[in-house]
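Colleague: In order, the protein sequence lines correspond to chains A and B.
Heads up, this note's numbering is the position in the first sequence plus 6, with the first residue counted as 1.
Heads up, this note's numbering is the position in the second sequence plus 83, with the first residue counted as 1.
Note that CB positions come from ideal geometry on N, CA and C, so glycine has one too.
This is the structure I have questions about; it appears just below.
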Amino acid sequence: MESNRSTTQKHPYRTKRNANYTLAIRFLVAGFILSTMVAAIILFHVMRDKTASYTGMGLDPFEAVGGDELYQSADPNSTPTLISIPVQPNPWDGKERVTILIMGVDYRDWLEGEGAPRSDTMMLVSLDPITNQASLMSIPRDLWVEIPGFGYNRINTAYRFGESARLPGGGPALAMQTVEKWIGVPIGYYAVIDFHTFEDMIDEIGGIDVVVEERIKISAIDRHQRWLETGPQHLDGPDALAFARVRKSAGGDFGRADRQQQVVVAVLERLVSLDMLPSLIQKAPRLYQELSEGVRTNLSLEQMVKLAWSAIKLESGDIHRGVIGPPKMIGFYTRPDGAQVLRAVPDAIRVLRDELFVETSAFGPSPAGAP
Amino acid sequence: MTEETRPHPANSQDTQAHSPSLGDTQPVHTNHPQAASRRLWPWIIAVLGFLFVVLGIAVIAGYSAGLKIREESGIANAAQVSKEQFDAGVEDFLAGRYELARQRIEYALKLDPDFEGASEILGMIMMELDQPTPTVKPLNSPTPSVTPDLDSIEGIFGSAQEAFSREDWDSTLKYLLILRGEDSDYRLAEVNQLMAVALRERGMAKLYRGELEQGVYDLNLAERFGPLDNQAISWRNSAAFFMFANSYFGLDWALASEYLGQICEAQIWGACYKYADAAKEYALLLVEEGDFCLASYYLSESLANRDDGALAPTATKVQRVCLTATVTPPTSTPTPTGSATATFPYESSTPTATLSGDTATPTSTDSASATPTATSDASPTSTSTPTATSTPTPTATDTLTP
Numbered sequence: 007m008e009s010n011r012s013t014t015q016k017h018p019y020r021t022k023r024n025a026n027y028t029l030a031i032r033f034l035v036a037g038f039i040l041s042t043m044v045a046a047i048i049l050f051h052v053m054r055d056k057t058a059s060y061t062g063m064g065l066d067p068f069e070a071v072g073g074d075e076l077y078q079s080a081d082p083n084s085t086p087t088l089i090s091i092p093v094q095p096n097p098w099d100g101k102e103r104v105t106i107l108i109m110g111v112d113y114r115d116w117l118e119g120e121g122a123p124r125s126d127t128m129m130l131v132s133l134d135p136i137t138n139q140a141s142l143m144s145i146p147r148d149l150w151v152e153i154p155g156f157g158y159n160r161i162n163t164a165y166r167f168g169e170s171a172r173l174p175g176g177g178p179a180l181a182m183q184t185v186e187k188w189i190g191v192p193i194g195y196y197a198v199i200d201f202h203t204f205e206d207m208i209d210e211i212g213g214i215d216v217v218v219e220e221r222i223k224i225s226a227i228d229r230h231q232r233w234l235e236t237g238p239q240h241l242d243g244p245d246a247l248a249f250a251r252v253r254k255s256a257g258g259d260f261g262r263a264d265r266q267q268q269v270v271v272a273v274l275e276r277l278v279s280l281d282m283l284p285s286l287i288q289k290a291p292r293l294y295q296e297l298s299e300g301v302r303t304n305l306s307l308e309q310m311v312k313l314a315w316s317a318i319k320l321e322s323g324d325i326h327r328g329v330i331g332p333p334k335m336i337g338f339y340t341r342p343d344g345a346q347v348l349r350a351v352p353d354a355i356r357v358l359r360d361e362l363f364v365e366t367s368a369f370g371p372s373p374a375g376a377p
Numbered sequence: 084m085t086e087e088t089r090p091h092p093a094n095s096q097d098t099q100a101h102s103p104s105l106g107d108t109q110p111v112h113t114n115h116p117q118a119a120s121r122r123l124w125p126w127i128i129a130v131l132g133f134l135f136v137v138l139g140i141a142v143i144a145g146y147s148a149g150l151k152i153r154e155e156s157g158i159a160n161a162a163q164v165s166k167e168q169f170d171a172g173v174e175d176f177l178a179g180r181y182e183l184a185r186q187r188i189e190y191a192l193k194l195d196p197d198f199e200g201a202s203e204i205l206g207m208i209m210m211e212l213d214q215p216t217p218t219v220k221p222l223n224s225p226t227p228s229v230t231p232d233l234d235s236i237e238g239i240f241g242s243a244q245e246a247f248s249r250e251d252w253d254s255t256l257k258y259l260l261i262l263r264g265e266d267s268d269y270r271l272a273e274v275n276q277l278m279a280v281a282l283r284e285r286g287m288a289k290l291y292r293g294e295l296e297q298g299v300y301d302l303n304l305a306e307r308f309g310p311l312d313n314q315a316i317s318w319r320n321s322a323a324f325f326m327f328a329n330s331y332f333g334l335d336w337a338l339a340s341e342y343l344g345q346i347c348e349a350q351i352w353g354a355c356y357k358y359a360d361a362a363k364e365y366a367l368l369l370v371e372e373g374d375f376c377l378a379s380y381y382l383s384e385s386l387a388n389r390d391d392g393a394l395a396p397t398a399t400k401v402q403r404v405c406l407t408a409t410v411t412p413p414t415s416t417p418t419p420t421g422s423a424t425a426t427f428p429y430e431s432s433t434p435t436a437t438l439s440g441d442t443a444t445p446t447s448t449d450s451a452s453a454t455p456t457a458t459s460d461a462s463p464t465s466t467s468t469p470t471a472t473s474t475p476t477p478t479a480t481d482t483l484t485p
C-alpha cells in the first residue's frame, strides 16, 4: 500500500492524468445530475398534465354548436363550444350485462350549419357475459315517443334536443333516457359514431363480408352509384356505410335496420375469423386516439377491450337480432301537420324486448343462464 | 452480481499473460479487474438508485399535482355547470317548461346539494307538476357503511343477503350476479329466491316511481322464476295499459282521451294531466268538426283535471254554442247590445247562432239539464283493447314467495 502511494507521487504524468480524470468525472456527474433533473422536470409536467386531463372514461370529441332554434339561434360565426357533462355510468366490472345505445350521426349536417344532427340510426346492443348471449335491437327513427322534458316527437330528435338545450350529458344522455324509458331496458353506455369514422373503422379491419339478399343500388359518399348483386360481397368502408344506409329497397327503413345489424355481425365475424383482435388491441391506444375524431362514447378504452374480448367469444347462435317493424309492432300515422310517424304498439314490442333481453339474461333460474 | 458481469478467471489470467512488458517495467498494481469491477458496482447501484428516486419523486409529484388540478377544475367545472343548469332551469320554469326545469334543477342539486335557491325552485316546479318534492341525492353519494366482502363466494353471498335485508335491491342483484358469474351452481335455490324477490321488489318500486316500462321489465325478469303474485300482476297490467294509452298521445286524440280517462280514475302516474291535455286537443278537433256538445264535454273534463286559465273562455263559448244549437229558439229575439260573433277560431263550423255578450244569454228552459253529459254515443267507440280493470293502490305492498 505504502509503495503504491509513493509510486504515484513519483509520476507527474499520472497525477495530471488523474486530475483530468477527476475533472471528467465531475463533469460527467454534474451532467448526469443536470440531465436527471431536466428529465425529472419534464416527467413531472407530463405526468401532471396527463393526470389532470385524464377523465378516466370516454371520448368526447365533438364540438357542439351552442344552441339552435329551440333556445337561441346558432351563430355560424361564433366559436363552437362544448358543455360536456359526462353521464357517469357505473363502472362495468365485465360480469354484469352491458347495454349500449349505438347511434349513427352525420356530422356534415352540423358542419353545414343545420344545427345539432338527429340520430340517423339507433341500435341497442346488449351483451351478457355470464350467459354469453348478445342481443341487437334496431329502433326505427320515426317512432313517436315521449322525450323527457320535450313532449312527444320522433325518437331521433332526442339527440338533437339534448344537444341544443345543453342538457346535462347532452344529446347522448337524453337519447339514452328516452330509449330506456320507452323500452324499459337499463342502458349504461352510448356510442355516437360519425359516418366518416365508421368508414375508417371498417377499412382498419380490411373491410367486411356480407351476403346481399336483394340486388341493391348503393351510393357511397364521394363515389358513383353502383349496384350490389345478390350473394356474398366484400365491402370496404364507404361501401359498407352505403350498404347500411340505403333506404330504397324492398324493406325500406326496416330492411335498412336489418342490414345495419348484418354489418355489426359481419364486423364481429371479421374480427374472429382473422383473429384480428390481439393486433387491434396492440394498436388500441393509437386507434382510440384516432377514433376520438369521430366517436363519442362513455366507454373507456379498458371497457372497450373487455367488451371486445367478451364479444369474440360469441358463437353465431348466441347473437339474437330483432327489428321493430311492421305489421305488429308499429302503426303508420300521419299527424295533422302532415308528418308521417310510427306509433309503437307497446304489447307487441314488449314481446320482442323480452325475447332479446329478458330471455337472454343471467337473471333466470337456469344456472347456465342459457335461454 | 450476475454471471455475465463477473470477470472470468481465465480472462484475468490472459490479461496478465499478454502484458509481459508492463510486468517488466512497472510494479503490478493491486487493483485487479475483479476488484475494480467490485468497486464500480456500488457506483452503478447508486446512480441507478439516484435516477430511480429522482424520477420516482417526479412521477409521484406530477401525479399528485395533476390530481389536485383535476380536482380543482372538477369543482370549478361543477360549479359552472350547476350555475348554468340552474339558470337554464329557472328560465325553463318561467317559460312553463316544468319537466325540463325539474331535470336541470335536480342536476344542479346533484352537483351541489347546497346550491342556493335550488331546493326552493325545485319545490315550486314540483308544485306546478303536482308531485311531491323528491330528495335529490348528491352524485358522490356515500358508500354503504358495510364494506362488502367479495373475495370469497361465501362473502359475496353474505353481502347479497346483507343488501337484501337493507332492501337495497340494486346491490342485492349486483352481488347475486357476481356470485352467479363466479359459481353458477352455488346455493342455487336460495340465490334464485333472492333474485326473484329482489327483482319483484325493484320492479314494484319502479312502478310506484312512475318508471313504468322499467318496472314491467323487472317484473318480467322476476316472472322467469315463477308466477307473480296478484298485486304485481295488477300493477303490471295497469302500467302496460298506461303505455298503450300513451302511445296514442299526439296521434289519435280520441283514443288517447278515452284510455287516459280510464287511468285517470285511479289518479296515478299523472294520468289526469295527460288526460286533460288529450281531452283538450280532442275537444278542439271536435269544435273544428262542429260537434260542440261533445267538445264542450271534453273541455270541461280537461278543465276539471287541469287548471288552464286560457282554456276557460273557450270552454264557456263552446258551451254556449252547444246550448244555442240545442235549445229551442226563444220567441223574442234578444237585442244584441254589442254583437259578438263567436270569436274562437273555429268559425268555419256550421252553427249560425250569434252570441250577444253576457247580457244576452239565450234562455234555456232548464239550464241545468242543458249541460252536456257524456253519453254512450258521445264516447269514441272502443275496439278490442285492454282496459284498466282493477286499478291498484300505491300504498299496499306484499311480498313474493317464489
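Residues in its own chain within less than 7 angstroms of Ala366 (chain B) by CB, not counting five upstream and five downstream?
Modeller: Correct list, in chain order: Ala378, Tyr381, Leu382 and Ser385.
Colleague: For a cutoff of 8 angstroms on Cβ pairs, would you count Glu296 (chain B) as touching chain A?
Modeller: yes
Colleague: Kindly indicate if chain B contains any beta-carbon less than 8 angstroms away from that of Lys312 (chain A).
Modeller: no
Colleague: Whose Cβ in chain B lies nearer than 9 angstroms to the Cβ of Met335 (chain A)?
Modeller: By Cβ distance, chain B contributes nothing, its closest Cβ being about 11 angstroms from Met335 (chain A), past 9 angstroms.
Colleague: What residue range does the beta strand (DSSP E) around Leu130 (chain A) cover?
Modeller: Thr127 to Asp134
Colleague: Would you check if there are 3 or more beta carbon pairs closer than 8 angstroms linking the segment 339 to 350 of chain A to the segment 203 to 217 of chain A?
Modeller: Fewer than three beta-carbon pairs drawn from the segment 339 to 350 of chain A and the segment 203 to 217 of chain A are found closer than 8 angstroms, and the two stretches are therefore not classed as touching.
Colleague: Would you say the segment 336 to 346 of chain B touches the segment 257 to 275 of chain B, given that touching needs at least three Cβ pairs under 8 angstroms?
Modeller: no
Colleague: Report the three-state DSSP secondary structure of Asp215 (chain A) (helix, strand or coil).
Modeller: strand
Colleague: For Ile318 (chain A), I'd like the list of residues in its chain whose CB is within less than 8 angstroms of its CB, leaving aside the five on either flank, ordered along the chain.
Modeller: Cβ neighbours of Ile318 (chain A) beyond the five flanking positions: Leu274, Leu277, Val278 and Leu283.
Colleague: Taking 7 angstroms as the limit between beta carbons, can you name the residues of its chain near Ile355 (chain A), skipping five residues before and five after?
Modeller: Cβ neighbours of Ile355 (chain A) beyond the five flanking positions: Ile330 and Met335.
Colleague: Since His51 (chain A) meets chain B, which of its residues come closer than 8 angstroms, beta carbon to beta carbon?
Modeller: Gly145
Colleague: Can you check whether the C-beta of Asn388 (chain B) is within less than 8 angstroms of a C-beta belonging to chain A?
Modeller: False, the Cβ-Cβ gap to chain A never drops below 8 angstroms.
Colleague: Here's the rule I'm using: 16 or more other beta-carbon atoms within 10 Å means buried, otherwise exposed. How should Tyr27 (chain A) be labelled?
Modeller: exposed
Colleague: Indicate whether at least one CB of chain B lies closer than 8 angstroms to the CB of Thr57 (chain A).
Modeller: yes
Colleague: Going straight from the alpha carbon of Leu290 (chain B) to that of Trp252 (chain B), what length do you get?
Modeller: Cα-Cα distance, rounded: 14 angstroms.
Colleague: Excluding the 5 residues preceding and the 5 following Arg265 (chain A) in the sequence, name in chain order all residues of the same chain whose CB lies nearer than 7 angstroms to its CB.
Modeller: Phe249 and Ala250
Colleague: Since Leu138 (chain B) contacts Leu49 (chain A) with CB under 8 angstroms, what's their CB separation in whole angstroms?
Modeller: 6 angstroms
Colleague: According to DSSP, simplified to helix, strand and coil, what is Trp126 (chain B)?
Modeller: helix
Colleague: Given Thr433 (chain B), which residues of its chain have a CB within under 8 angstroms of its CB, disregarding the five upstream and five downstream residues?
Modeller: Confidence is the limiting factor: at Thr433 (chain B) the pLDDT is only 32, short of 50, which leaves the residue's position unreliable and the question unanswerable from this model.
Colleague: If you reduce the DSSP assignment to three classes, tell me which class Asn138 (chain A) lands in.
Modeller: coil
Colleague: Which residues in the same chain as Asn162 (chain A) place their Cβ atom closer than 6 angstroms to its Cβ, once the five residues preceding and following it in sequence are excluded?
Modeller: Non-local beta-carbon contacts of Asn162 (chain A) in its own chain, meaning distances under 6 angstroms to residues more than five positions away in sequence, involve Arg124, Ser125 and Arg147 in chain order.
Colleague: Quick one, which of B:Leu183, B:Ser267 and B:Ala349 has its alpha-carbon nearest Arg172 (chain A)'s?
Modeller: B:Leu183
Colleague: Rounded to whole angstroms, what's the CA-CA distance from Pro136 (chain A) to Ser235 (chain B)? Just pull it up for me.
Modeller: Strictly speaking, residue 136 (chain A) in this sequence is Ile, with Pro absent from that position. Those two C-alpha atoms are separated by around 18 angstroms.
Colleague: Between the alpha carbons of Asp343 (chain A) and Leu307 (chain A), how many angstroms are there, rounded?
Modeller: Those two C-alpha atoms are separated by around 45 angstroms.
Colleague: By the 10 Å Cβ neighbour count, where 16 or more other Cβ atoms means buried, how is Val24 (chain A) classified, buried or exposed?
Modeller: A small correction: the amino acid at residue 24 (chain A) is Asn; Val does not occupy that position in the sequence shown. Flag for Asn24 (chain A) reads exposed.
Colleague: Taking any Cβ of chain A, which residues in the segment 137 to 171 of chain B have a Cβ under 8 angstroms from it, in chain order?
Modeller: Val137, Leu138, Ile140, Ala141, Val142, Ala144, Gly145, Tyr146, Ala148, Gly149, Leu150, Ile152, Arg153, Ser156, Val164, Glu167, Gln168 and Ala171
Colleague: Where does Thr131 (chain A) land, buried or exposed, given buried means 16+ other C-beta within 10 angstroms?
Modeller: The identity of residue 131 (chain A) in the sequence shown is Val, whereas the question assumes Thr. Classification for Val131 (chain A): buried.
Colleague: Got a sec: is the Cβ-Cβ distance from Pro463 (chain B) to anything in chain A below 8 angstroms?
Modeller: In this predicted model, Pro463 (chain B) has a pLDDT of only 36, less than 50, meaning its place in the structure is not dependable; the value taken from the coordinates is given anyway. No, Pro463 (chain B) lies away from the interface with chain A (no Cβ there is under 8 angstroms from its Cβ).
Colleague: Determine, using beta carbons only, whether Cys355 (chain B) and Asn388 (chain B) come nearer to each other than 8 angstroms.
Modeller: yes
Colleague: What does the Cβ neighbour count give for Thr442 (chain B), buried or exposed, with the cut at 16 atoms within 10 Å?
Modeller: At Thr442 (chain B), the pLDDT of 32 sits below 50, so the modelled position is not reliable; the number obtained from the coordinates is stated separately. Classification of Thr442 (chain B): exposed, given that the 10 Å Cβ count is below 16.
Colleague: On the CB-based measure, 16 or more other CB atoms within 10 Å of its CB, does Pro291 (chain A) come out buried or exposed?
Modeller: Counting of Cβ neighbours within 10 angstroms places Pro291 (chain A) among the exposed residues, the total staying below 16.
Colleague: Answer yes if the segment 162 to 173 of chain B comes into contact with the segment 170 to 190 of chain A, meaning at least three C-beta pairs across the two stretches below 8 angstroms, and no otherwise.
Modeller: yes
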